[in-house]
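For reference, the structure discussed in these notes is given below.
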Ligand SMILES: [Cu+2]
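Numbering (my numbering), first residue to last: 931 to 1086.
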């Protein structure tokens, strides 16, 4: 009787462990799937993740990276994104810490509700003019807020 109880305990423990590990992986895979599916082929896709010290980081930032970034004083990144005129662009905006914002005035992009940590904000536009444009964070997010900028270059 006691032995059977132990077996059930172990079964539920294993079930709990597999759900705890499997669920986030599943959600992430599903999210990535949705994000790929909605966007027409040929679209230029970029991920920008906001960080209070580092500024805009190109790509996703994982939890262990955030901890490492918090320990040292990382140099501020000012990413440069290069595209061609006529490109359809989708920006996947994320935050690794606090609420950030995003604006790219020249293409009429101004996020008013902020980029919440753990959520993704998709922004899309067509690069209908050439030039060098600045994008920045439009939510006061800390001492480094003014440095949260990057450059978009649209070539002919
Ligand atoms: Cu910010």
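Ideal Cβ placement from N, Cα and C applies to all residues, glycine included.
### Query
Can residue 1069 be considered in contact with ligand 1, in the sense that its beta carbon sits closer than 8 Å to one or more heavy atoms?
Within the chain shown, numbered from 1, the residue matching residue 1069 stands at position 139. Indeed, a heavy atom of ligand 1 lies less than 8 Å from the Cβ.
#### Entry: Distance between beta carbons of residue 1062 and residue 1083, contact taken as under 8 Å
Sequence index remark: in the chain shown, residue 1083 carries index 153 (1-based). Sequence index remark: in the chain shown, residue 1062 carries index 132 (1-based). Correct: roughly 5 Å between the Cβ atoms.
### Query
Who are the near neighbours of residue 1034 in its chain, counting only those whose CB is closer than 7 Å to its CB and skipping five residues on each side?
Position 104 of the chain shown, counted from the start, is the residue given in the question as residue 1034. Cβ neighbours of residue 1034 within its own chain (closer than 7 Å, five residues either side excluded): 1063, 1065, 1082.
### Query
Are the beta-carbon atoms belonging to residue 969 and residue 1054 less than 9 Å from one another?
In the chain shown, the residue the question calls residue 969 occupies position 39. In the chain shown, the residue the question calls residue 1054 occupies position 124. Result yes, Cβ atoms of residue 969 and residue 1054 sit closer than 9 Å.
### Query
Does the Cβ of residue 972 have 16 or more other Cβ atoms within 10 Å, making it buried, or fewer, making it exposed?
Taking the first residue of the chain shown as position 1, residue 972 is located at position 42. Exposed.
### Stretch-stretch touch, CB-based, cutoff 8 Å, three pairs: the stretch 1016-1023 with the stretch 1045-1052
Contact holds: three or more Cβ-Cβ distances are below 8 Å.
### Query
For residue 1009, which residues from the same chain have a beta carbon less than 6 Å from its beta carbon, with the 5 sequence-adjacent residues on both sides left out?
For the purposes of this step, residue 1009 is identified with residue 79 of the chain shown, where counting begins at 1. Contacts found: 986, 988, 1080.
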